[in-house]
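In this note's numbering, the protein residues as written are 20 to 295.
First up is the structure itself, then whatever we jot down about it.
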Amino acid sequence: MVTVDESKCIGCGTCAADCTVLSLRIKDGKAVPGKFCIECGHCTAVCAQKAITLTGEYDPAEIIEYDTARKFEISPDRLLDFVKYRRSTRQYTDEPVSDGDIQKILEMGRYTQTGANLQNLRYIVLTKDTLREIAPIALKTLAELDIAKVDKKAMRVPYQYLDFQSTWQYWYSVYQKKKKDLLLHDAPNALLVVSRKCDELNGAFNIGHMELMVNALGLGACLTGFATLAFDVSQELKDRIGIKEGEAVTIMMVFGHPRVKYLRTVNRKRARYEII
Ligand SMILES: Cc1cc2nc3c(=O)[nH]c(=O)nc-3n(C[C@H](O)[C@H](O)[C@H](O)COP(=O)(O)O)c2cc1C
């Protein structure tokens, strides 16, 4: 809910000009919030008089004032080098990720923008114990998946994943013999982004940002699309972590302290693009 402090508002219209749903208007020299508002907070952020706050579910105390000394900017080259150097981590130590680091990763998700500012994702953090419990279920699910019966058009992950079934069967046999988990990489933690089935774009965008935060914290992460497929096809897995009707695990990411250090960046194919 948008609240205007009339004693501070000077009716300059800066808020109304930046209101994407044209909800705010100026009446009698004061900003007046309309009924339809997506609560994006632009009016709060842009008001030089600090006359507008988001209230209700929002905590005004978490607003940070812009000041150059705090350095909100990241240098483009530094950012690009950071992204070039990050790798998917598939070897972890047993050390669990600290609560403080998990909170930072979740904060990154919370502050990542959502279309129409829906903010309707939820997250499930899995501990090592839970991961050790679900790993064999997920591996068995994939190893025994009846590929012929899978509706490829309804798949939420690329259907090319199905070509990996012999790999999954091998991984399951390794797990049975050595208790080594090649699906979830024996990671100490995982995070699932849960969205409505029709809102996966937000979930995918969210995980991209959170994965960068994992790396900024000096940790490593690996998105696990195969396990995401397992959650899609196994009611047992959905029940275990409480995925409700109409919801989907958009993506799962395992993360933890890396047991491997990369010494350089990697190559990539050239970008395919057109300027039209
Ligand atoms: C959507 C998505 C799903 C992925 N699923 C898996 C997975 O199930 N298992 C895995 O080991 N890596 C998975 N990866 C990691 C990719 O294999 C990896 O990003 C790619 O090989 C490039 O390596 P890099 O991340 O180290 O640059 C996934 C990555 C993405 C973006």
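Where is the CB? At the ideal position from N, CA and C, for every residue including glycine.
Asked	Found
What runs of the beta strand (DSSP E), each 3 residues or longer, lie entirely inside the segment 166-231?	208-215
Who pairs with residue 49 in a beta bridge, going by DSSP?	46
Kindly indicate the opening and closing residues of the beta strand (DSSP E) around residue 275.	266-275
Roughly how many angstroms separate the alpha carbons of residue 248 and residue 109, rounded to a whole number?	18 Å
Between which two residues does the beta strand (DSSP E) containing residue 128 stretch?	Note, residue 128: premise wrong, no beta strand (DSSP E); alpha helix (DSSP H) at 118-130.
Please name the residue, chosen from 55, 42, 69, 20, that lies closest to residue 29 on a Cα-to-Cα basis.	69
According to DSSP, simplified to helix, strand and coil, what is residue 141?	strand
Do three or more CB pairs link the segment 211-218 to the segment 180-193 at distances below 8 Å?	no
Note down the Cα distance separating residue 95 from residue 40, rounded to an integer number of angstroms.	31 Å
List in chain order: all unbroken beta strand (DSSP E) runs of 3+ residues lying wholly within the segment 20-101.	21-23, 44-46, 49-51, 71-73
Do residue 221 and residue 133 come within 7 Å of each other at the CB atom, strictly closer than that value?	yes
Restricting to Cα atoms, I'd like to know which of 38, 45, 292 is closest to residue 31.	45
For residue 113, which residues from the same chain have a beta carbon less than 7 Å from its beta carbon, with the 5 sequence-adjacent residues on both sides left out?	207
For residue 65, collect the residues of the same chain with a Cβ closer than 8 Å to its Cβ; drop the 5 residues on either side in sequence, then sort them by chain order.	33, 34, 37
Can you give me the C-alpha to C-alpha distance between residue 144 and residue 263, rounded to a whole angstrom?	16 Å
So for residue 240, helix, strand or coil by DSSP?	strand
Going by DSSP in three states, residue 111 sits in which element: helix, strand or coil?	strand
Check whether the segment 221-234 and the segment 122-132 are in contact - that is, three or more C-beta pairs closer than 8 Å.	yes
According to DSSP, simplified to helix, strand and coil, what is residue 134?	helix
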